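Take the sequence shown: its letter number 4 is residue 11 in the numbering used here, and every next letter is one higher. Idealized CB from N, CA, C, for every residue including glycine. As the structure is a prediction and not an experimental result, all values here were calculated from the model.
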Amino acid sequence: MKCKIFCSKCKKAYFDQWWLCPDCGESLDANNYLIKQKFVKTMGEGNTPLIRLEKLSNQLNCDLWAKCEYQNPTGSFKDRGSVVEIEKALELGKNGIVCASTGNMAASLSAYAARNNLRCKVVVPTQTPKSKLQQAVACGAILIKVDGAYDDCVDVAQSIADKENFFLCGDYLLRRQGQKSIGEELVGKEFDSFVVPIGNGNVGVAIAQGLRGVRFIGVKAKNKKTIASAIRVMNPLDECLISTWVQKTNGLLISVTDLNILEAQKILATEEGLCVENAAAATLAGLFKIKEKIRGQKIVLILTGSGLKD
Ligand SMILES: [Zn+2]
8 MKCKIFCSKC KKAYFDQWWL CPDCGESLDA NNYLIKQKFV KTMGEGNTPL
58 IRLEKLSNQL NCDLWAKCEY QNPTGSFKDR GSVVEIEKAL ELGKNGIVCA
108 STGNMAASLS AYAARNNLRC KVVVPTQTPK SKLQQAVACG AILIKVDGAY
158 DDCVDVAQSI ADKENFFLCG DYLLRRQGQK SIGEELVGKE FDSFVVPIGN
208 GNVGVAIAQG LRGVRFIGVK AKNKKTIASA IRVMNPLDEC LISTWVQKTN
258 GLLISVTDLN ILEAQKILAT EEGLCVENAA AATLAGLFKI KEKIRGQKIV
308 LILTGSGLKD
């Protein structure tokens, strides 16, 4: 079957566009995208543990599970998407890769770039804490600091990609194709719902596409400057696709406060021994808010990133 790339909003079809619709600026989507691993050297990403949270199941009167995405090679689900983007960069013979990021994406891409002999540039806002970029720097990424917000960094990353023949990486079409495997690994386990933090929405949509029919519960941060940096996104790139898939699966979107997130993070660590990043803990914080609606259901939390990073 031939791969079809099309705009999620205006439906215009494309052949070799990997970012946003050049016409209307919305996310692109694809049917039958074939994931190749012809050039890329991988690191054992994916097939993460799925474990039952017994104490929390009892507390919430449901059957609660965790998909431990923080056990990927660089400590987050991003690795599943990075291999697809790196494969494309190598296939196109690019000089390197570039992304705008403040954490997980930079850590993941810089590691895969190092392993695959690609140069890696990461564009970050000047105020990004050093600790967030430690992994990327360790793997040899070049940091470019921009006096502005995340959106300004995306513009700079784009111009580097054009000028230096680098491949622009980010929460776009290709990354979503890689992240679908989270959903595929959960097929047949009879979950009623999956719960995922929403930043750009890329991973939530990917899971919904891989795990068709299971209810999509997305959790956003209420606070614009939330401590959960991985979901500190004001205008999600995949907003259009999120609402499509939430509707399609009869799902819902929940907002949580920073206090809710910190409490949930503590509970996951002290009750179940899982040390996860703030954004990952937002999933449990969201479930607490809909406690009455989930009685007796089988639910999986997508624990996106490691607590060792924060
Ligand atoms: Zn469009």
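Query - Through-space distance from residue 20 to residue 222, alpha-carbon basis - result: Stepping through the sequence shown from its first residue, residue 222 is reached at position 215. Stepping through the sequence shown from its first residue, residue 20 is reached at position 13. Answer to the nearest angstrom: the Cα atoms are 28 Å apart.
Query raised in the report: Which value, in whole angstroms, describes the spacing of the CA atoms of residue 194 and residue 200?
Result: Taking the first residue of the sequence shown as position 1, residue 194 is located at position 187. Taking the first residue of the sequence shown as position 1, residue 200 is located at position 193. Near 12 Å, if we compare the C-alpha coordinates of residue 200 and residue 194.
Query raised in the report: Whole-angstrom Cβ separation of residue 105 and residue 37, contact assumed at under 8 Å?
Result: Here residue 105 refers to the residue found at position 98 when the sequence shown is read from its first residue. Here residue 37 refers to the residue found at position 30 when the sequence shown is read from its first residue. No, residue 105 and residue 37 are not in contact; Cβ-Cβ is about 22 Å, not under 8 Å.
Query - Cutoff 6 Å; reference residue 69; Cβ partners in own chain excluding five residues on either side - result: For the purposes of this step, residue 69 is taken as the residue at position 62 of the sequence shown. Only 301, 304, 306 meet the Cβ criterion.
Query raised in the report: What do you reckon, are the CB atoms on residue 279 and residue 312 nearer than 9 Å?
Result: Within the sequence shown, residue 279 is the residue found at index 272, counting from 1. Within the sequence shown, residue 312 is the residue found at index 305, counting from 1. Contact: no.
**Report entry** Beta-bridge partners of residue 130, as assigned by DSSP
**Finding:** To locate residue 130, count along the sequence shown from 1; it is residue 123. The partner list for residue 130 (beta bridge, DSSP) reads 107, 151.
**Report entry** DSSP beta-bridge partners of residue 319
**Finding:** Because the chain is modelled from 8 through 317, residue 319 falls outside the range shown and cannot be assessed.
Query raised in the report: Fully enclosed by the region 166 to 245, which alpha helix (DSSP H) runs are 4 residues long or longer?
Result: 180 to 193, 209 to 217
Requested in this report: Compute every distance between the C-beta of residue 19 and the non-hydrogen atoms of ligand 1, then say whether any falls below 8 Å.
Outcome: On the sequence shown, position 12 is the one that residue 19 refers to. At least one heavy atom of ligand 1 is nearer than 8 Å to the Cβ of residue 19, so yes.
Query raised in the report: Where does residue 184 land, buried or exposed, given buried means 16+ other C-beta within 10 angstroms?
Result: Counted from its first residue, the sequence shown places residue 184 at position 177. Counting other Cβ atoms within 10 Å of its Cβ, residue 184 reaches 16 or more and is therefore classed as buried.
Report task. Quickly, what does DSSP pair residue 36 with across the bridge? List them, please. Result -> If you number the sequence shown from 1, residue 36 lands on position 29. Bridge partners of residue 36: 13.
**Report entry** Reference residue 58; option with closest CA among 73, 51, 48, 87
**Finding:** For the purposes of this step, residue 58 is taken as the residue at position 51 of the sequence shown. It is 73 whose Cα lies nearest to the Cα of residue 58.
Requested in this report: Taking 8 Å as the threshold, find out whether the region 266 to 278 comes into contact with the region 242 to 253 through three or more Cβ pairs.
Outcome: no
Query - residue 110 versus residue 83: straight-line alpha-carbon distance, rounded - result: As a first step, residue 110 is located in the sequence shown; it is residue number 103 there, counting from the start. As a first step, residue 83 is located in the sequence shown; it is residue number 76 there, counting from the start. About 10 Å.
Report task. Can you grab the Cα-Cα spacing for the pair residue 85 / residue 65, in whole Å? Result -> Along the sequence shown, read from residue 1 onward, the residue named residue 85 stands at position 78. Along the sequence shown, read from residue 1 onward, the residue named residue 65 stands at position 58. The straight-line gap separating the alpha-carbon atoms of residue 85 and residue 65 is approximately 31 Å.
**Report entry** beta-carbon residue 11 near ligand 1 non-hydrogen atom, thresh 8 Å
**Finding:** Mapped onto the sequence shown, residue 11 falls at position 4. No, ligand 1 has no heavy atom inside 8 Å of this Cβ.
**Report entry** Sufficient close CB pairs (3 or more, under 8 Å) joining the region 147 to 164 to the region 17 to 31
**Finding:** no
Requested in this report: Report, in whole angstroms, the separation of the C-beta atoms of residue 91 and residue 49, which I expect to be a contact under 8 Å.
Outcome: As a working mapping, residue 91 is identified with position 84 in the sequence shown. As a working mapping, residue 49 is identified with position 42 in the sequence shown. The pair is not a contact, with the Cβ atoms about 11 Å apart (cut-off 8 Å).
Query raised in the report: With distances taken from CA atoms, which of 35, 29, 31, 27 is nearest residue 12?
Result: For the purposes of this step, residue 12 is taken as residue 5 along the sequence shown, with counting starting at 1. Looking at the Cα atoms, 35 is the closest of the given residues.
Query raised in the report: For residue 224, which option in 203, 242, 217, 207 has the closest C-alpha, if you only look at C-alpha atoms?
Result: For the purposes of this step, residue 224 is taken as residue 217 along the sequence shown, with counting starting at 1. Answer by Cα proximity: 203.
Query - From 51, 145, 264, 135, residue whose alpha carbon lies closest to that of residue 156 - result: The residue given as residue 156 occupies position 149 in the sequence shown. Comparing Cα-Cα distances from residue 156 to each of 51, 145, 264, 135, the minimum goes to 135.
Query raised in the report: DSSP beta-bridge partners for residue 27?
Result: For this step, residue 27 is matched to residue 20 along the sequence shown. According to DSSP, which records beta bridges pairwise, residue 27 is partnered with 34.
Report task. Return the bridge partner residues of residue 260 from the DSSP annotation. Result -> Stepping through the sequence shown from its first residue, residue 260 is reached at position 253. In the DSSP output, where bridge partners are listed per residue, residue 260 has 225.
Query raised in the report: How many angstroms separate the CA atom of residue 213 from the CA atom of residue 43?
Result: What you label residue 213 is simply residue 206 of the sequence shown in a count that begins at 1. What you label residue 43 is simply residue 36 of the sequence shown in a count that begins at 1. Roughly 17 Å separates the two Cα atoms.
Query raised in the report: With burial defined as no fewer than 16 other Cβ atoms inside 10 Å of the residue's Cβ, what is the status of residue 178: buried or exposed?
Result: One-based indexing of the sequence shown puts residue 178 at position 171. Buried, by the Cβ-count rule.
Report task. Could you check the C-alpha separation between residue 189 and residue 61 for me, to the nearest Å? Result -> Here residue 189 refers to the residue found at position 182 when the sequence shown is read from its first residue. Here residue 61 refers to the residue found at position 54 when the sequence shown is read from its first residue. Counting only the Cα atoms, residue 61 lies some 22 Å from residue 189.
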